[in-house]
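Participant:
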Amino acid sequence: MIVDPAAVAPALRTWDELSATMHECFACPLSRSRTRVVPGVFPASARLLLVGEAPGRNEDEGGLPFIGRSGQLLDSVLAEVGLERADLAVLNTVKCRPPDNRTPRQSEGATCRPWLEAQVDVIDPRVIVTLGSSALAWALGTGVRIGAVHGTEHEVRGRTLVPTYHPAAALRFGPNGAPLRALRMDLAVAASLLARPL
Ligand code: URA
Numbered sequence: 003m004i005v006d007p008a009a010v011a012p013a014l015r016t017w018d019e020l021s022a023t024m025h026e027c028f029a030c031p032l033s034r035s036r037t038r039v040v041p042g043v044f045p046a047s048a049r050l051l052l053v054g055e056a057p058g059r060n061e062d063e064g065g066l067p068f069i070g071r072s073g074q075l076l077d078s079v080l081a082e083v084g085l086e087r088a089d090l091a092v093l094n095t096v097k098c099r100p101p102d103n104r105t106p107r108q109s110e111g112a113t114c115r116p117w118l119e120a121q122v123d124v125i126d127p128r129v130i131v132t133l134g135s136s137a138l139a140w141a142l143g144t145g146v147r148i149g150a151v152h153g154t155e156h157e158v159r160g161r162t163l164v165p166t167y168h169p170a171a172a173l174r175f176g177p178n179g180a181p182l183r184a185l186r187m188d189l190a191v192a193a194s195l196l197a198r199p200l
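Take any residue in the sequence shown, note its place counting from 1, add 2, and you have its number in our numbering.
1. Taking 7 Å as the line, does the beta carbon of Gly143 fall inside it for any heavy atom of the ligand URA?
2. Thinking C-alpha only, which one of Trp140, Thr16, Val92 and Arg128 is nearest Gly2?
3. I'd like the ranges of any beta strand (DSSP E) spanning at least 3 consecutive residues and lying wholly in the region 96-142.
4. Relative to the alpha-carbon of Arg161, which residue among Glu26, Ser109 and Ala192 has its alpha-carbon at the smallest distance?
5. What does the alpha-carbon distance come out to for the pair Ser21 and Ala56?
6. Is it the case that the region 67-87 contacts the region 146-166, given that we only count it when at least three CB pairs across the two stretches are under 8 Å?
7. Going along the chain, which residues put their C-beta within less than 7 Å of some heavy atom in the ligand URA?
8. Which residues share a DSSP beta bridge with Gly54?
9. Output yes or no for whether 8 Å exceeds the beta carbon distance between Val124 and Asn94.
10. What is the C-beta distance between Ala29 and Asp6, in whole angstroms, given that I count them as a contact (C-beta under 8 Å)?
11. Thinking Pro101 and Ser35 are a contact (beta carbons under 8 Å), I'd like their distance in whole angstroms, please.
12. Here's a check: name, in chain order, each residue in its chain whose Cβ is nearer than 7 Å to the Cβ of Val79, leaving out the five neighbours to either side.
13. Does the beta-carbon distance from Pro127 to Arg49 come in below 8 Å?
14. From Pro67 to Ala137, what does the alpha carbon distance come to, in whole angstroms?
15. Please report how far the alpha carbon of Gly182 lies from the alpha carbon of His25, in whole angstroms.
16. Taking the alpha carbon of Ile69 as the point to measure from, which residue in Leu51, Ser109 and Val43 has its own alpha carbon closest?
17. Looking only at C-alpha atoms, which of Ala9, Leu90 and Ile130 sits nearest to Thr154?
18. Would you kindly report the start and end of the unbroken alpha helix (DSSP H) that includes Glu26?
19. Name the DSSP beta bridge partners of His156, please?
20. On the DSSP bridge assignment, give the partners of Val83 in chain order.
21. Can you tell me whether Arg71 is buried or exposed, with buried defined as 16 or more other CB within 10 angstroms of its CB?
Quick look at the structure:
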């Protein structure tokens, strides 16, 4: 069966249907390099959604998002600001690992976009945090710089968006680097938005 995400995803209304159908997707070249599709995670109570870039080696093997070094750093920053990963939905802009962990191509992101957007609609989060520039490009378009918008409130698909840096950037620039400082502050902003009365 050939699955066209743009034709199929918007009609799927549950997390389980979306995840199952995604496993049949061969719509872009990343389907040839993956070990498995990584749909993401959605605990039913999630009000905060994190959107990363793409599965890496660990995620491709384990089938879950952010289970490598970036994920460990993410967990520790989440804990610092009073958030627990188990309460959060976590997705990526593309669901299959790019070869050698390269950045997903714009065409691959565009092909996978209907999956992501259908997932966002099913999750219906109150707040969305994008991690890194691929997720930021999904939310606000290309040409927007993280340095210019991180930690500020925007809107995507009718939800409040807070863009921030990718944990891999925080690892790259180290414990005293600006990306880690920003990640902490921006996730604290997201936590405070969740605590704000509706
Ligand atoms: N980096 C991402 O963007 N997503 C993952 O799931 C893991 C690493």
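Positions of the beta carbon are idealized from the N, C-alpha and C atoms, including for glycine. These numbers were taken from a predicted model, which means no experiment stands behind them.
Facilitator: With the structure as the only source:
1. By one-based count along the sequence shown, residue 143 stands at place 141. Not under cutoff, so the answer is no.
2. Nothing about residue 2 can be reported from this structure: the residues present for the chain run from 3 to 200 only.
3. 129-133
4. The residue you call residue 161 lines up with position 159 of the sequence shown. For the residues Glu26, Ser109 and Ala192, the minimum Cα distance to Arg161 belongs to Ala192.
5. As a first step, residue 21 must be located in the sequence shown, where it is residue number 19. As a first step, residue 56 must be located in the sequence shown, where it is residue number 54. One C-alpha to the other measures close to 16 Å.
6. no
7. Val40, Gly54, Glu55, Ala56, Pro57, Gly58, Glu61, Pro67, Phe68, Gly70, Ser72, Gly73, Asn94, Leu133, Gly134, His168 and Ala170
8. The residue given as residue 54 occupies position 52 in the sequence shown. Bridge partners of Gly54: Asn94.
9. In the sequence shown, the residue the question calls residue 124 occupies position 122. In the sequence shown, the residue the question calls residue 94 occupies position 92. For Val124 and Asn94, no; Cβs fall outside 8 Å.
10. The count along the sequence shown starts at 1 and reaches residue 29 at position 27. The count along the sequence shown starts at 1 and reaches residue 6 at position 4. Going by Cβ atoms, the distance from Ala29 to Asp6 rounds to 6 Å, so yes, they are a contact pair.
11. Counted from its first residue, the sequence shown places residue 101 at position 99. Counted from its first residue, the sequence shown places residue 35 at position 33. Yes, Pro101 and Ser35 are in contact; Cβ-Cβ is about 5 Å, under 8 Å.
12. Sequence index remark: in the sequence shown, residue 79 carries index 77 (1-based). Leu185, Arg186 and Leu189, listed in sequence order.
13. Reading the sequence shown from its first residue, position 125 is the one you call residue 127. Reading the sequence shown from its first residue, position 47 is the one you call residue 49. For Pro127 and Arg49, yes; Cβs fall inside 8 Å.
14. Against the sequence shown, residue 67 aligns to sequence position 65. Against the sequence shown, residue 137 aligns to sequence position 135. So the alpha carbons of these two residues sit roughly 14 Å apart.
15. Numbered from 1 along the sequence shown, position 180 holds the residue referred to as residue 182. Numbered from 1 along the sequence shown, position 23 holds the residue referred to as residue 25. Per the sequence shown, residue 182 should be read as Leu rather than Gly. The straight-line gap from Cα to Cα measures roughly 34 Å.
16. Numbered from 1 along the sequence shown, position 67 holds the residue referred to as residue 69. Here the closest residue by C-alpha is Val43.
17. As a first step, residue 154 must be located in the sequence shown, where it is residue number 152. Checked all of Ala9, Leu90 and Ile130; the closest Cα to Thr154 is Ile130.
18. In the sequence shown, counting from the first residue as 1, residue 26 sits at position 24. Careful: Glu26 lies outside any alpha helix (DSSP H) and carries neither H nor E.
19. Against the sequence shown, residue 156 aligns to sequence position 154. For His156, which the question treats as bridged, DSSP gives the partners Leu163.
20. For the purposes of this step, residue 83 is identified with residue 81 of the sequence shown, where counting begins at 1. Partner(s): none; Val83 has no beta bridge.
21. If you number the sequence shown from 1, residue 71 lands on position 69. By the neighbour-count rule (16 or more Cβ atoms within 10 Å), Arg71 is not buried but exposed.
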